[in-house]
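Under the numbering used here, think of the first position of the sequence shown as 33, with each following residue one higher. What follows is one structure encoded as structure tokens, with my remarks underneath.
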Amino acid sequence: MDTASKLRLLKEKNLLKDQTHIEVMHLLTDSKLIEKLTSIEHKNLLSYIWNLIGIAEIPNSIYLEYTQNLLLFINKNLSTDKGFSYTGSINDIVPCYNAMIFEAYCRLGLHQSTEAQNALYWIKNYQVFDRVTKTTWPYSGICKHGGCMNNVPCYIGIGKTIRALITYREFSPVPDKEVKHLIHIGLEYMLQHNMFQRLSNRQPISAHITDIMFPQSYMLSFTDLVYIVSKTNSFNRPEVSPLLEVLRKKQTSSGGWKTDYNYSYNGYTPFDNRRKDSEWITALFSNWLGSIVL
33 MDTASKLRLL KEKNLLKDQT HIEVMHLLTD SKLIEKLTSI EHKNLLSYIW
83 NLIGIAEIPN SIYLEYTQNL LLFINKNLST DKGFSYTGSI NDIVPCYNAM
133 IFEAYCRLGL HQSTEAQNAL YWIKNYQVFD RVTKTTWPYS GICKHGGCMN
183 NVPCYIGIGK TIRALITYRE FSPVPDKEVK HLIHIGLEYM LQHNMFQRLS
233 NRQPISAHIT DIMFPQSYML SFTDLVYIVS KTNSFNRPEV SPLLEVLRKK
283 QTSSGGWKTD YNYSYNGYTP FDNRRKDSEW ITALFSNWLG SIVL
């Protein structure tokens with residue numbers, strides 16, 4: 033097991049606090065995955081985003097000078113006073129990228145930073161979680177990618193935002209009633225869709241929504257859904273039964289899970305290949321499922 037994976041499991045099991053700083057640094061510096069993530073040749077702005085999202089999945093990676101330089105670049109080039117933009121322009125703030133970068137900041141312990149709080153403010157004031165509410169966001173860039181919040185709000189944006197808010201709640205020591213409420217209404221909307229199915233025909237809502245991948249990309253994936261259901265203690269909800277059935281079918285004969293899809297883009301680093309059981313996914317799913325029997 034890669035030492036970065038060990039760090040993540042310690043965090044998931046609330047045992048990381050028992051490690052000394054020296055022990056944590058050894059786990060970080062001994063990681064082959066960290067070596068990959070800190071050797072990226074960035075070719076455009078998106079490559080910095082994918083690099084940040086990947087490295088943020090590893091607890092305490094904020095201690096690395098590489099991560100701190102990456103954050104300085106994001107702060108300067110992609111953070112606005114309204115939220116995170118994938119181009120750096122306020123006109124190009126969209127739900128999925130704002131949420132993913134916001135979540136990365138939370139994982140790095142920067143949930144109270146000005147940049148993260150701007151992103152949270154955008155979510156609280158402009159993200160919609162149903163087909164009734166209309167956003168008051170005035171900029172047109174949000175409609176470039178399928179009309180993110182037209183009559184039917186982008187399901188990917190809702191899922192990514194709920195995932196990010198769940199992570200914020202986990203990392204923030206201060207309870208936020210509004211965040212709790214948004215998670216609730218967003219989760220209920222997703223449960224109406226059995227987490228991944230269209231209301232009209234019960235077919236998958238979007239490409240890759242039933243694919244396991246890690247770390248996350250701009251697609252809403254099966255990994256995202258399992259994370260959301262786990263962190264909200266929703267496995268017992270009847271609407272989750274179809275998701276559990278897919279999870280059961282994907283489990284290998286050895287009891288693990290494989291990665292179904294690896295996004296390909298400069299800066300994005302898959303944590304495992306698709307040839308065998310994924311070390312990361314198997315460990316995380318097993319931890320998230322807890323006593324749930326498939």
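Cβ atoms here follow ideal geometry from the backbone N, Cα and C, with glycine treated the same way. Since this is a predicted model, take the numbers as computed values, not measurements.
- Straight across, the Cα-Cα distance linking residue 272 with residue 100 is about 39 Å.
- Residue nearest to residue 323 within the set 307, 85, 267, 108 is 267 (criterion: CA-CA distance).
- According to the DSSP assignment, residue 98 belongs to the alpha helix (DSSP H) that extends over 97-109.
- Where residue 258 is concerned, the enclosing alpha helix (DSSP H) starts and stops at 254-263.
- Considering only 308, 309, 293, the residue with the shortest C-alpha distance to residue 302 is 293.
- Here the alpha carbon of residue 190 sits roughly 8 Å from the alpha carbon of residue 128.
- When DSSP reads this structure, residue 116 sits in a beta bridge with 111.
- For the 8 Å CB-CB criterion, residue 194 and residue 219 form a contact.
- A direct Cα-to-Cα measurement between residue 118 and residue 124 gives close to 7 Å.
- In this chain, the alpha helix (DSSP H) harbouring residue 128 covers 127-139.
- In the DSSP assignment, residue 225 falls outside any alpha helix (DSSP H) and carries neither an H nor an E.
- No Cβ-Cβ contact shorter than 8 Å links residue 106 with residue 114.
- Spatial neighbours of residue 144 in its own chain (CB-CB distance under 8 Å, excluding positions within 5 residues in sequence) are listed in chain order as 204.
- Excluding sequence positions up to five before and after residue 175, its CB lies less than 6 Å from no other CB in the same chain.
- Across the structure, residue 285 and residue 308 are spaced so that their CA atoms are roughly 11 Å apart.
- In the three-state DSSP reduction, residue 170 falls in the coil class, being neither helix nor strand.
- DSSP places residue 54 in the uninterrupted alpha helix (DSSP H) bounded by 53-61.
- Contact between residue 36 and residue 72 is absent: CB atoms are separated by about 15 Å, not below the 8 Å threshold.
- Spatial neighbours of residue 131 in its own chain (CB-CB distance under 6 Å, excluding positions within 5 residues in sequence) are listed in chain order as 192, 193, 196.
- Contact between the segment 162-169 and the segment 86-104 is absent: fewer than three C-beta pairs spanning the two stretches fall below 8 Å.
- Residue 312 and residue 41 have their C-alpha atoms some 9 Å from each other.
- When DSSP states are grouped into helix, strand and coil, residue 185 belongs to the strand group.
- Taking 8 Å as the cut-off, the Cβ atoms of residue 317 and residue 278 do not count as close.
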